[in-house]
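Residue numbers (this note's numbering), protein chains in the order written: chain A, 1 to 295; chain B, 296 to 532.
The C-beta atom is built at its ideal place from N, Cα and C for all residues, glycine as well.
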Ligand SMILES: Nc1ncnc2c1ncn2[C@@H]1O[C@H](COP(=O)(O)OP(=O)(O)O)[C@@H](O)[C@H]1O
Ligand SMILES: [Mg+2]
């Protein structure tokens, strides 16, 4: 069969979609929901890896030294920490250094602290990198036991909690996605079945006139694929807006790590989502054709 | 099969038996042949096996034993993907016309050409030609619902003819028409036959068979019971 009239197939596919609008819309909504969850899953997975990299490059534990410790005592704390197992390297942060960091963090608002050295209200500290992040709890306790250590902050805790939560969301979205995938394929195959039934007479004529199997099937496959692609496109738009909002939210309220910028991950998302949409549509219509269209 | 047969035979049934599920026999050791250019009636009571014979030719069913030949090709030996191309050699006309109601006369006929991959240009010249031939030159833009039964069957015939098949199979083409209309449709078939197309027609109409005075093959309980060169319609009970 020559593929010399693509519009013939497109026209028939569109006719099929508009013949039973309610079913088509239902199918598109299901595909959209499924691919939306697929997008959430993909974004969470990608970002968990991305954040993991950041954690490894980040100072994990910070030991704050008693306010009134002398500089000899501070140095003792530093050397005791550097001798602990699992410490890869550590840096001493003086009160003045801390003030610098604070100013840098405040940026434009830093002028309010002009003339202050930090000694009045900031603690000196030791930033500790470790070899094995899994054993950060043990290291944290060992550091806390050292004299003149006022308190130990371990961001790894927060990070791990966030990762645990995202893991749960990720697995839940994967599970829901698989269920919706099956539902979507089922609904697509049902819409295609209705299209086949509506064109029963035409298919019968086509068979007698000598239409090849692929010629008869092509508009229906195309109809399924279009449903998948439209669902995919809608879900991509929603994911685009949603992710932009999440990035902004993270920056404003939960600035512990960065998320992958949208532009960086967009081509990958568009590719996978559309491929998924096309496959869902094709599989859905293939099932309908195997069951309801004997050529 | 000898040389002469190969050149002139359109249809050949060699000892053909059709068995359906539940062991129902559709055809029972049937043998006959039809030459190119012949006009043959296939008659018999309901259940005699007429449709089975037609379905063998269009490769909808396969014989349990024996062989079916069409224009030198063994139909029951065709691979599935060859069957559509085989069907393009046959034009089928139905008792109930089988026109698509949401398409015009022109579009109904054009569909047959679109399906076989004809170009737009071919379609634009060929469809009006065929519609003129069947006497519907003025009705190309009408929908089937606004046509009489006879006119609808003419559209059906045009659709069967448009791809220039070498064989027309008509399954009770006048079964739904009054006798005056039926005669005019039969005249059209005769004209088509005169131009060289082989015609195999299933009918129940005694009048038509007797009027036409063509070859008649009679089936009964799946068996070929008569084959008359210039036949008249007689089915013994
Ligand atoms: N699909 C089928 N399944 C089972 N039996 C069938 C089927 N088609 C036809 N038959 C049987 O085969 C016999 C011949 O039928 P058919 O060829 O349709 O006869 P006709 O067209 O002369 O009425 C009948 O007994 C009929 O009941
Ligand atoms: Mg019959």
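Query, Result
"Go through its chain and collect everything with a Cβ distance to residue 64 of chain A's Cβ below 6 Å, but skip five positions before and after it.", "123, 125, 150, 151"
"Does residue 202 of chain A have its Cβ less than 8 Å from a Cβ in chain B?", "yes"
"What does the Cβ neighbour count give for residue 168 of chain A, buried or exposed, with the cut at 16 atoms within 10 Å?", "exposed"
"Within its chain, find whatever has a CB closer than 6 Å to the CB of residue 33 of chain A; leave out the 5 residues flanking it on each side and keep chain order.", "180"
"Does residue 347 of chain B pass the burial test, meaning 16 or more other C-beta atoms within 10 Å, or should it be called exposed?", "buried"
"Throw me the rounded Cβ distance for the residue 300 of chain A and residue 405 of chain B pair, which I believe falls under 8 Å.", "The shown model of chain A, from 1 to 295, leaves out residue 300 of chain A, and the question about it has no answer."
"Can you find a heavy atom of ligand 2 that lies under 7 Å from the Cβ of residue 345 of chain B?", "yes"
"Count the other C-beta atoms from every protein chain shown that fall within 10 angstroms of the C-beta of residue 448 of chain B, then say buried if there are 16 or more, exposed otherwise.", "buried"
"Residue 317 of chain B: beta carbon under 7 Å from a heavy atom of ligand 1?", "yes"
"My assumption, with CB atoms under 8 Å, is that residue 259 of chain A sits in contact with residue 247 of chain A. Please give the rounded CB distance.", "5 Å"
"Name, please, each residue of chain A whose Cβ falls closer than 9 Å to the Cβ of residue 380 of chain B.", "210, 212"
"Can at least three beta-carbon pairs, one atom from the stretch 431-444 of chain B and one from the stretch 454-462 of chain B, be found at a separation below 8 Å?", "no"
"Check the Cβ of residue 410 of chain B against every Cβ in chain A and list those closer than 8 Å, keeping chain order.", "206, 209, 210, 211, 215"
"Between residue 232 of chain A and ligand 1, is the CB less than 7 Å from at least one heavy atom?", "no"
"If the cut-off is 7 Å on Cβ atoms, which residues from the stretch 230-243 of chain A count as contacting chain B, listed in chain order?", "none"
"Measure the Cβ-Cβ separation of residue 525 of chain B and residue 334 of chain B and say whether it is below 8 Å.", "no"
"Determine whether the beta carbon atoms of residue 503 of chain B and residue 477 of chain B lie at a separation below 8 Å.", "yes"
"Take residue 321 of chain B as the anchor and find which of B:488, B:527, B:515, B:438 has the nearest alpha-carbon.", "B:515"
"Under 9 Å, CB to CB, which of the residues in the stretch 351-370 of chain B have a partner in chain A?", "353, 355"
"Just confirm the distance between the C-beta atoms of residue 468 of chain B and residue 487 of chain B, as a whole number of angstroms; I'd bet it's less than 8 Å.", "Their Cβ separation, rounded to whole angstroms, is 11 Å, which puts residue 468 of chain B and residue 487 of chain B out of contact at 8 Å."
"Classify residue 207 of chain A as helix, strand or coil using the three-state DSSP reduction.", "helix"
"Using only the alpha-carbon positions, how far apart do residue 82 of chain A and residue 140 of chain A sit?", "13 Å"
"Hey, how far is the Cα of residue 23 of chain A from the Cα of residue 283 of chain A?", "17 Å"
"Between which residues of its own chain and residue 42 of chain A is the CB-CB distance below 6 Å, once the five residues before and five after are set aside?", "none"
"Taking 7 Å as the cut-off, is the C-beta of residue 517 of chain B nearer than that to any heavy atom in ligand 1?", "yes"
"Out of B:306, B:340, B:383, B:316, which one is the CA nearest neighbour of residue 326 of chain B?", "B:306"
"Using alpha carbons as the reference points, say which of A:72, A:16, A:133 lies closest to residue 160 of chain A.", "A:133"
"How far does the beta strand (DSSP E) with residue 361 of chain B in it extend, from its first residue to its last?", "360-365"
"Does residue 245 of chain A get closer than 8 Å to chain B when you measure Cβ to Cβ?", "no"
"Spatial neighbours of residue 366 of chain B within its chain, please: CB distance less than 7 Å, with the 5 preceding and 5 following residues excluded, ordered by chain position.", "305, 384, 461"
"Going straight from the alpha carbon of residue 381 of chain B to that of residue 395 of chain B, what length do you get?", "23 Å"
"Check residue 523 of chain B in the structure and name its three-state DSSP category.", "strand"
"Near residue 292 of chain A, what residues of its chain come up, given a Cβ to Cβ distance below 6 Å and the 5 sequence neighbours on each side ignored?", "193, 196"
"Looking at residue 86 of chain A and residue 47 of chain A, is the spacing between their C-beta atoms short of 8 Å?", "no"
"Where does residue 490 of chain B land, buried or exposed, given buried means 16+ other C-beta within 10 angstroms?", "exposed"
"According to DSSP, is residue 179 of chain A helix, strand or coil?", "helix"
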